[in-house]
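Protein sequence lines, in the order shown, are assigned to chains A and B. When the first sequence is numbered by the working numbering, its final residue is 307 and no position is left out of the sequence of numbers. When the second sequence is numbered by the working numbering, its final residue is 567 and no position is left out of the sequence of numbers. To keep things clear, I will list the structure first and then write my remarks on it.
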Amino acid sequence: MDYVVETSRLTKKYGDLIAVDSVSLKIGREVFGLVGPNGAGKTTLLSLITGLRRPTYGSIKIFGLDLKKKEVEIKKRMGVLNEKPGFLDNLSVFNQLLFVARVKGLSRDDARKEVLRCLEKVNMSRWADVNVGKLSAGMRQRVAIAQMMIGEPELLICDEPTSNLDPLGRETFFSILEEFSERGATIVIASHLLFELERVCTTVAIMNKGKIVRQVKIDELASIIKKRVVEIISSNRDKIAEILSGFSWVSDIKVTPRGVEVVIEDIKRMWVELPKVALEENVTITSIIPKKDLLTILLESAKGETG
Amino acid sequence: MRKAILILRREISILTGNKILPLLIVLIIFFLCGLFPEAKRHAEHVINPDLVLEYQKAIFTLAVAISVFLPIGVGRVMSSIIGATLFTREFESSTMSTLGTLPIRRESIFLGKFLAVTLICFIIALFYGLGTWIICLLTLGLPPFNLVVFTIFFIFVGCLYFSALSMLVSSLFRNSIAAIFLSLNLIYLSGFLVYSGLIKNMDLLKWLPEYYLQCLYNHLFKPKYIGSSEPSLFLSITVILLIVVILLAASAIILRFKDI
């Protein structure tokens, strides 16, 4: 099988601290999730793959090409969404993205069309002429998503992509990812919210202390964790409880001071059906918080397996 | 090269749109006040030692100070600030990580930024060279062509050296204030060592770029005052340009291997 991203004994040291410890990864044409607690080394690993940082040891191959030797060729086919997307505050959204499109090799006319298309996708068309410095954090994140999409990349690398996004923004983002995935693009997402990644990922790798401690297919997760307890935060608790009682995959509904606590038996259906019905019923869901930390469960199970 | 031009254009749009202008106005006023007595002495050598005695009116001295002496100081500070913040501001605003993920070599980023700085240095030199010409024309009559060319050339080379030194500092730091502070200190420390004569007898003077800059200045504007031990015009300019190239190469290498 031809892998899109291949790392071999990838290591990054900062003095005595080993941020990434001999990581060997093989990622095919799939949606690959990278989860782990804060400081696990996810961002460092992604920054090594995107060429932002230089490895201490090890090698990286992307599209079968050595990143060290063919950096520009690889990056032409790659779209990156950084954890902290940086923009020039005194440039307009349009000019900012136009620069990216031009650097990616598009002609002036094609670049203009591409920028408009990407802004349209993230519902930011009417903000095209506004300086980025005047945008909110959520809107900047949308611009960063549009920037990542420029040039229809074959490989997307996203680091904590949903931070700063409201529920609608997250919905837009995941639908964009689904589109890319359907077209055969490879997507690598790092997040500390495994809960959220389950929706789009086919494989998940769990990272801790710089190492990949476990790699599982998303379907296998269900056998590891049977049921999920989540708290759905909403100002309209009674209405949300009423909506939830209508779903077959929900049980044990308890009203809490912030919202409703429920046991979810099918997490995928929750992501698809709940926002839809909430929107129809005009109920705002502020956030969905897993009450039992899945990552901890997985890390513990990985620890058990390795002894 | 095409991508370096894109970086150059980006750089120009940043520099024309940022808030460095109020700071420069403050610096100009500062230098105008602080260097006024020094400029008077300076002007006497620059224009014509005999003629200048007849024109020792305050307005004239001030005009020469603005057109000749001041730009050397302001140009020095301006090019140092621009050079010192060239990379640090990209790190501070996280735009360096955006640039780093794009299909562009770090050498092209460096080249684009260097071209932008060179262009700015040339504009500074040209602007003040023309200023010199106008002020001289209004006060002393048509100035010698050489004076204008020398002024432009000297300020350009000087600014290029200061910005190259600051670019090296900028490639090492991630904080603009620290980079500006260190750059200005290095420049002024080097100038202080040369002008104060502290190390004159220690045979260390020839290791300071500022010394060659001073010799270049003497060759261009005060040929009568050149001592026999001073390096030739050719050597002065060669050393300065060589130092610029070394500083730029060092910055490019640091940037090539630096984690973004």
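C-beta: ideal position from N, C-alpha, C; glycine also. Bear in mind the structure is a predicted one, so any value in this text is a computation, not a measurement.
Please confirm if residue i has its CB atom under 8 Å from at least one CB of chain B.
{"i": "LYS69 of chain A", "result": "no"}
{"i": "PRO85 of chain A", "result": "yes"}
{"i": "VAL308 of chain A", "result": "Summary: the structure shown does not reach residue 308 of chain A, with chain A confined to residues 1 through 307, and so no result is reported for it."}
{"i": "VAL103 of chain A", "result": "yes"}
{"i": "VAL200 of chain A", "result": "no"}
{"i": "LEU34 of chain A", "result": "no"}
{"i": "LEU155 of chain A", "result": "no"}
{"i": "VAL115 of chain A", "result": "no"}
{"i": "LYS76 of chain A", "result": "yes"}
{"i": "PHE180 of chain A", "result": "no"}
{"i": "ASN282 of chain A", "result": "no"}
{"i": "GLY307 of chain A", "result": "Confidence at GLY307 of chain A is low in this model, with a pLDDT of 42, below 50, so the placement of that residue should be treated as unreliable; the coordinate-derived value is given next. No, GLY307 of chain A does not count as interfacial toward chain B."}
{"i": "VAL80 of chain A", "result": "yes"}
{"i": "LEU106 of chain A", "result": "no"}
{"i": "GLU93 of chain A", "result": "According to the sequence provided, residue 93 of chain A is Val. The question's Glu does not apply to it. Judged by the 8 Å Cβ criterion, VAL93 of chain A is not in contact with chain B."}
{"i": "THR50 of chain A", "result": "yes"}
{"i": "PHE99 of chain A", "result": "yes"}
{"i": "ASN317 of chain A", "result": "Shown here, chain A extends from 1 to 307; a query on residue 317 of chain A therefore has no answer."}
{"i": "LEU17 of chain A", "result": "no"}
{"i": "ILE54 of chain A", "result": "Looking at the sequence shown, residue 54 of chain A is not Ile but Arg. Taking Cβ atoms only, chain B reaches closer than 8 Å to ARG54 of chain A, which makes this a yes."}
{"i": "LEU88 of chain A", "result": "yes"}
Pop quiz: residue i and residue j are said to be a contact at Cβ under 8 Å. What is the actual Cβ separation, rounded to whole angstroms?
{"i": "ILE157 of chain A", "j": "VAL80 of chain A", "result": "5 Å"}
{"i": "VAL122 of chain A", "j": "THR172 of chain A", "result": "6 Å"}
{"i": "LEU155 of chain A", "j": "MET78 of chain A", "result": "5 Å"}
{"i": "MET207 of chain A", "j": "GLY36 of chain A", "result": "4 Å"}
In this structure, what does DSSP give as the bridge partners for residue i?
{"i": "CYS201 of chain A", "result": "Answer is none; CYS201 of chain A lacks a bridge partner."}
{"i": "TYR14 of chain A", "result": "A:LEU17"}
{"i": "SER59 of chain A", "result": "A:SER8"}
{"i": "LEU25 of chain A", "result": "A:THR7"}
{"i": "GLN215 of chain A", "result": "A:ALA205"}
{"i": "GLU261 of chain A", "result": "A:GLU231 and A:LYS254"}
{"i": "LEU34 of chain A", "result": "A:ALA190 and A:ALA205"}
{"i": "PRO290 of chain A", "result": "A:VAL230"}
Here's a check: name, in chain order, each residue in its chain whose Cβ is nearer than 6 Å to the Cβ of residue i, leaving out the five neighbours to either side.
{"i": "SER473 of chain B", "result": "SER387, GLY390, ALA391 and SER490"}
{"i": "ARG563 of chain B", "result": "ARG413"}
{"i": "THR50 of chain A", "result": "VAL80 and ILE157"}
{"i": "ILE62 of chain A", "result": "VAL5 and ILE74"}
{"i": "GLU83 of chain A", "result": "THR43, ASP159 and GLU160"}
{"i": "TYR518 of chain B", "result": "VAL501 and LEU512"}
{"i": "PHE32 of chain A", "result": "VAL188 and THR203"}
{"i": "ALA190 of chain A", "result": "LEU34, LYS42, LEU46 and ASP159"}
Ignore the nearest five residues each way along the sequence and tell me which others in residue i's own chain have a CB closer than 7 Å to its CB.
{"i": "LYS12 of chain A", "result": "ALA19, VAL20, THR44, LEU48, ARG53, PRO55 and THR56"}
{"i": "PHE94 of chain A", "result": "VAL115, ALA128 and ASP129"}
{"i": "LYS239 of chain A", "result": "GLU281 and VAL283"}
{"i": "TYR631 of chain B", "result": "Any answer about residue 631 of chain B is impossible in this case: the structure gives chain B only from 308 up to 567."}
{"i": "ILE550 of chain B", "result": "TYR468 and PRO516"}
{"i": "SER310 of chain A", "result": "Examination of residue 310 of chain A is not possible in this model, given that chain A is present from 1 through 307 alone."}
{"i": "ALA278 of chain A", "result": "ILE243 and ILE285"}
From the beta carbon of residue i, is the nearest beta carbon of chain A less than 8 Å away?
{"i": "ILE411 of chain B", "result": "yes"}
{"i": "ARG481 of chain B", "result": "no"}
{"i": "THR425 of chain B", "result": "no"}
{"i": "ILE321 of chain B", "result": "yes"}
{"i": "GLY407 of chain B", "result": "yes"}
{"i": "LEU496 of chain B", "result": "no"}
{"i": "SER400 of chain B", "result": "yes"}
{"i": "ARG383 of chain B", "result": "no"}
{"i": "SER404 of chain B", "result": "yes"}
{"i": "HIS349 of chain B", "result": "Low confidence applies to HIS349 of chain B: its pLDDT is 49, below 50, so where it sits in the model is not reliable, and the reading given next is rough at best. Judged by the 8 Å Cβ criterion, HIS349 of chain B is not in contact with chain A."}
{"i": "PHE564 of chain B", "result": "yes"}
{"i": "ILE561 of chain B", "result": "no"}
{"i": "ILE282 of chain B", "result": "Here chain B comprises residues numbered 308 to 567, so residue 282 of chain B is not present and cannot be evaluated."}
{"i": "LYS310 of chain B", "result": "yes"}
{"i": "LEU313 of chain B", "result": "yes"}
In three-state DSSP terms, what is residue i?
{"i": "VAL130 of chain A", "result": "coil"}
{"i": "ILE533 of chain B", "result": "coil"}
{"i": "GLY155 of chain A", "result": "Checking the displayed sequence, the identity of residue 155 of chain A turns out to be Leu instead of Gly. Three-state DSSP puts LEU155 of chain A in a strand."}
{"i": "ARG77 of chain A", "result": "coil"}
{"i": "MET207 of chain A", "result": "strand"}
{"i": "LEU67 of chain A", "result": "coil"}
{"i": "VAL283 of chain A", "result": "coil"}
{"i": "THR186 of chain A", "result": "strand"}
{"i": "VAL323 of chain A", "result": "Because residue 323 of chain A is not part of the residues shown, which for chain A are 1 to 307, the question remains open."}
{"i": "SER483 of chain B", "result": "helix"}
Keeping to the same chain, check which residues put their C-beta closer than 8 Å to that of residue i; ignore five residues upstream and five downstream.
{"i": "LYS254 of chain A", "result": "VAL260, GLU261 and VAL262"}
{"i": "ARG383 of chain B", "result": "GLY465, CYS466, PHE469 and ILE494"}
{"i": "GLY28 of chain A", "result": "MET1, ASP2, TYR3, VAL4 and THR186"}
{"i": "ILE233 of chain A", "result": "ARG258, GLY259, ILE285, THR286, SER287, ILE288 and ILE289"}
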